[in-house]
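Numbering (the working numbering), first residue to last: -9 to 216.
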Ligand SMILES: [Zn+2]
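Structure below.
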């Protein structure tokens, strides 16, 4: 009887350990991370408010972007970074009554990303394509910016491990990369127009994995930098 009880306790313990293994590994990594301490990271969730971004099969891009940013912010803060968000809700940053909402919104985002004490920034978006086979995450860096390219390389490597994305980082002609001087990249986390990516992006677990991969990429980049 006693041996039976011990066996049951052992089995329950094993199941709990297996269930929480991933979380424990993450918690340990975050707790022991020395690379983020003293850094200021700005996270930009693309779109929001008046601008939902891409809408595919009823899924708004801005919702996924924000959820990913909040998850990433949590990891970065737990690792010791000061995190600033361009938005933490379904809003845009445009001034009231302006005729060009998008321009006003983007200008305010660029201002926040470009603050003097910012270590680096990450802008999060979802991609779309006319070719539904296009699938996977891709990181974009500022044209002719070697250091941003390095950051993109490190994050892309982690995303490749987590998602199997076959893309390599690319330089991109994006407003937020062009209109800022601070180190930063734009991450297109997946294609809403690809059924696999869309299904995955809708799941909490996948978004957690994406956020953790981006955190790991940032941490590894900072480790090499300093
Ligand atoms: Zn977007």
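Beta carbons: idealized from backbone N, C-alpha and C, even for Gly. All values derive from a computational prediction rather than experimental measurement.
Burial state of residue i, where buried means 16 or more other Cβ atoms lie within 10 Å
i	result
residue 18	exposed
residue 47	exposed
residue 20	buried
residue 105	exposed
residue 193	exposed
residue 43	buried
residue 258	Because residue 258 is not part of the residues shown, which for the chain are -9 to 216, the question remains open.
residue 61	buried
residue 209	buried
residue 14	exposed
residue 108	buried
residue 38	buried
residue 171	exposed
residue 85	exposed
residue 211	buried
residue 217	The structure shown does not extend to residue 217, since the chain is modelled only from -9 through 216, so no value can be given for it.
Which of helix, strand or coil DSSP assigns to residue i
i	result
residue 97	helix
residue 107	coil
residue 116	strand
residue 125	coil
residue 85	coil
residue 38	strand
residue 33	strand
Cutoff 7 Å; reference residue i; Cβ partners in own chain excluding five residues on either side
i	result
residue 175	112, 129, 130, 131, 138, 141, 142 and 145
residue 83	76, 77, 95, 98 and 99
residue 181	117, 118, 119, 124, 125 and 187
residue 16	202
Spatial neighbours of residue i in its chain, beta-carbon cut-off 8 Å, leaving aside the 5 residues before and after
i	result
residue 134	161
Residues near residue i in its chain [Cβ-Cβ closer than 6 Å; skip 5 each side]
i	result
residue 50	42
residue 56	35
residue 165	96
residue 191	54 and 180
residue 81	38 and 39
For the stretch 138 to 185, list the beta strand (DSSP E) runs that are entirely contained and at least 3 residues long, ordered along the chain. Restricting attention to beta strand (DSSP E) runs no shorter than 3 residues, the stretch 138 to 185 encloses them at 174 to 181, ordered along the chain.
Tell me the start and end of each unbroken beta strand (DSSP E) in the stretch 43 to 80 that is at least 3 residues and wholly inside, in chain order. Segments of the beta strand (DSSP E) lying fully in the stretch 43 to 80: 72 to 75.
Inter-stretch contact at 8 Å, needing at least 3 Cβ pairs: the stretch 120 to 133 / the stretch 180 to 187: Three or more beta-carbon pairs separated by less than 8 Å link the stretch 120 to 133 to the stretch 180 to 187, which places the two stretches in contact.
Would the stretch 146 to 157 and the stretch 103 to 118 be scored as touching if the rule is three or more Cβ pairs under 8 Å? Counting Cβ pairs under 8 Å, fewer than three are found: no touch.
Do three or more CB pairs link the stretch 21 to 28 to the stretch 68 to 80 at distances below 8 Å? Taking a cut-off of 8 Å for Cβ pairs, the stretch 21 to 28 and the stretch 68 to 80 touch, as three or more such pairs fall below it.
Hey, is the stretch 151 to 158 in contact with the stretch 76 to 83, meaning 3+ C-beta pairs nearer than 8 Å? Look at the beta carbons and you see the stretch 151 to 158 not touching the stretch 76 to 83: under three pairs across the two are nearer than 8 Å.
Taking contact to mean 3 or more Cβ pairs, one atom from each stretch, closer than 8 Å, check whether the stretch 58 to 67 and the stretch 196 to 208 are in contact. Output reads yes: the stretch 196 to 208 touches the stretch 58 to 67.
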